Each structure stands twice: as structure tokens, then as C-alpha cells.
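Worksheet for the structure shown next.
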Amino acid sequence: MGLVNSIFATVQFEILRVLTLRRLSVAVIMALFPPTMIFWLQAGGALASPGFIITLFCGMVCLLSLLLWSTSNVYAELEGKSWAFITSRPYGRWSILFGKFLVAFLVSFIISWIALSLCMLVTGDLDFNILNDGKEVPKMQVWLALSGLLFLASMVYAAIFSLLGVLIQRRAMAIAVVFFTVVEVVFAVIPAVVGKFAMSFHMFCLLTHWVGWVPPSAGQDEDANEILQDFLNVYGRQDAWVHLAVIFAMTLLSLSLAAYVICKREYITLEDSQV
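In the numbering used here, each residue's number is its place in the sequence shown (first place is 1) plus 3.
What follows is the structure in C-alpha cells.
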């Protein structure tokens with residue numbers, strides 16, 4: 004119970020920091036960016052694939068939120084000269100790791116989920132043109148599926164970025180951007196075993212399981228459903244629970260490695276580096 008109380012004390016403190024005017028302003032701007040862009044694209048008649056655009060914009064907001072709140076878990080304490088106090092407390096290092104992970108996960112999910120919900124309201128009755136073997140997909144089903152994917156993305160990337168923040172302090176955000184670009188973008192499109200290490204690949208497969216395919220050209224290509232079948236043939240037809248298991252396993256693995264490193268590693272504070 005001591006560890007749990009310490010983690011929740013960290014969560015409470017970090018939430019109070021999030022509720023400052025500066026951070027709230029950043030959160031509001033990020034949440035309003037996707038629906039604003041959807042509104043202008045729709046008003047200009049350039050919104051040909053709303054499902055793809057909404058997925059892209061809300062995913063970007065989720066990623067940016069995690070970069071802001073996950074990667075500085077250790078460096079913020081070193082810079083704030085509070086690391087010595089934290090390490091003197093029982094379970095201090097673990098409470099910082101898990102407490103900041105939970106806050107980053109919740110804040111990123113809430114911001115991206117609000118952005119998604121506002122996008123759904125802005126689009127109104129607009130056809131989403133999602134490919135599902137010619138079947139029409141209800142808008143509520145799309146909203147629930149994308150909400151679930153944002154939840155999973157916030158969880159697993161918060162864990163991965165927390166691990167990077169434990170391993171690398173000063174440039175953790177830059178390293179996280181490079182990691183996401185290489186692993187989650189480049190590796191994900193490679194039709195080989197290496198592509199399975201990208202969490203974006205598994206979430207994309209979950210999207211095809213839950214609603215269908217959301218490509219940029221949906222509804223414009225007469226052979227679009229054949230393209231969907233080709234994708235499934237190349238990248239696999241595993242059940243949804245397999246992809247969910249991989250995402251949860253990566254979350255646990257990242258947090259376990261981060262917990263081990265943060266307890267075993269000696270960090271150099273700003274005072275020590277100036278000696």
C-alpha cells in the first residue's frame with residue numbers, strides 16, 4: 004500500500020501541475036486543432052476522406068501530448084533539483100515513474116478523445132467511406148473504434164516514451180521523435196517480421212477488425228476492397244486478441260524495463276555536473 008499511496012500522491016501533484024493556465028492553454032489548442040482543420044476542409048469541399056483525416060489528426064495530437072508529458076519524467080526532476088528528495092523517499096523512484104506515466108496516459112487520451120469527439124460533431128452526417136466488404140459502417144461504431152485505438156495508443160506510447168525518458172534525459176523528446184519515425188512509420192509498412200514490432204501496425208490491424216479500412220482513397224477506387232484483401236493477405240489475418248495481447252505486452256515490458264533502470268541507475272544532477 005505504501006507504493007500505491009506514493010504513486011497516487013505523485014498523480015495528484017502532477018495533475019495540479021497540468022491544471023496551470025499555461026498547460027491548460029496548450030491542451031485546449033491541441034484538442035481544438037483537429038476539429039478546426041476538419042471544419043475548414045469540409046467548408047472548402049476538400050474533405051474527401053474524413054475517416055482517414057480524423058484518424059491522422061487525432062493520432063498526431065495524441066503523439067504530441069505524449070511527447071510533452073512522458074519524455075521528461077526524470078529530466079524534469081533533475082532540472083527542478085528535486086531528484087535528491089525523491090530518492091530519499093520510500094518508493095520515490097517508482098512513484099515518479101508510474102505516477103507520471105499514468106498522468107501522461109490520461110492527459111493524452113483525454114485531449115485526443117475530446118478532439119475525436121469534436122471532429123465527429125463537426126462532420127455531422129458526412130459519409131466516412133470506410134471499406135468493410137461493401138457494408139456501411141455506423142458512425143457510432145467508428146467513434147467507439149477510434150476511441151479504443153486512442154486509449155491503446157496513449158497507454159503503450161506513454162510506456163515506451165517513459166522508458167526513453169528514463170534511459171535518456173536531455174534529448175529524450177528528440178530521441179522519441181526519431182524512434183517513432185523509424186519504428187512506427189518506416190518499420191510498420193515493411194511486410195516482414197520487423198514490421199510486427201511497430202505498435203502502429205497492430206493498431207492499424209485492429210482498426211480493420213473493428214470497422215474496416217480507412218485509406219485516403221476510400222470510396223474513390225472501384226477495386227478498393229480488393230486492396231483491403233491484399234493488405235490482409237500480406238500483413239496477416241490474426242485475430243484481434245493477438246494484436247491486443249502484443250500491445251499490452253509491450254506496455255508491461257516497457258514499464259518493467261523502466262522500473263528496473265530507474266532503480267539501478269545513478270543520475271547526475273545539475274549540481275554534480277557543475278562540480
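We put the CB at the ideal spot given by N, CA and C, even for glycine. Treat the numbers as computed from the prediction; the structure is a model and nothing was measured.
For S150, the uninterrupted alpha helix (DSSP H) segment begins and ends at K142 to L170. Of the residues assessed, V145 falls on the buried side of the cut-off, its CB having 16 or more other CB atoms within 10 angstroms. Spanning the alpha carbons of M253 and A261 requires a straight line of approximately 12 Å. CA-to-CA, the gap between Q45 and K84 works out to about 49 Å. Here F200 has V186 and F190 as same chain residues with Cβ atoms under 8 Å from its own Cβ, once five neighbours each way along the sequence are excluded.
Taking every protein chain shown into account, the CB of V125 has 16 or more other CB atoms within 10 angstroms, so this residue is buried. Under the Cβ criterion (8 Å, minimum of three pairs), the segment 57-77 counts as touching the segment 155-164. Shown here, I32 sits in a helix according to DSSP, grouped into three states.
With respect to the C-alpha of P37, the residue from I57, R25, F104 and L149 having the closest C-alpha is I57. DSSP, reduced to helix, strand and coil, places L129 outside both helices and strands of the structure shown, so it counts as coil.
Restricting attention to Y270, E269, I265 and I271, the CA atom closest to the CA of W97 is found in I265. For Y270, the secondary structure class from DSSP, reduced to helix, strand or coil, is coil. Measuring C-alpha to C-alpha distances from L105 to each of V181, P53 and L155 identifies L155 as the nearest. By the beta-carbon neighbour count (other beta carbons within 10 angstroms, threshold 16), Y78 is buried. For the pair M206 and H246, the Cα-to-Cα distance works out to about 7 Å. At the C-beta level, V192 and S115 stay beyond 7 Å of one another.
Nearest Cα to I32 within the set R173, A175 and C61: C61. Between S111 and L147, the C-beta spacing is not below 7 Å.
H212 and K267 have their C-alpha atoms roughly 41 Å apart.
Taking the Cα of V188 as reference, the smallest distance to any Cα among L66, V21 and V14 is reached at L66. Contact between Y94 and G168 fails: their C-beta atoms lie close to 18 Å from each other, not under 8 Å. Annotation for Q241: no alpha helix (DSSP H) segment contains it, and DSSP assigns it neither H nor E. Contact between I99 and T13 holds, with the beta-carbon distance rounding to 6 Å and staying under 8 Å.
Contact annotation, L129 with P53: C-beta distance approximately 6 Å; criterion of less than 8 Å satisfied.
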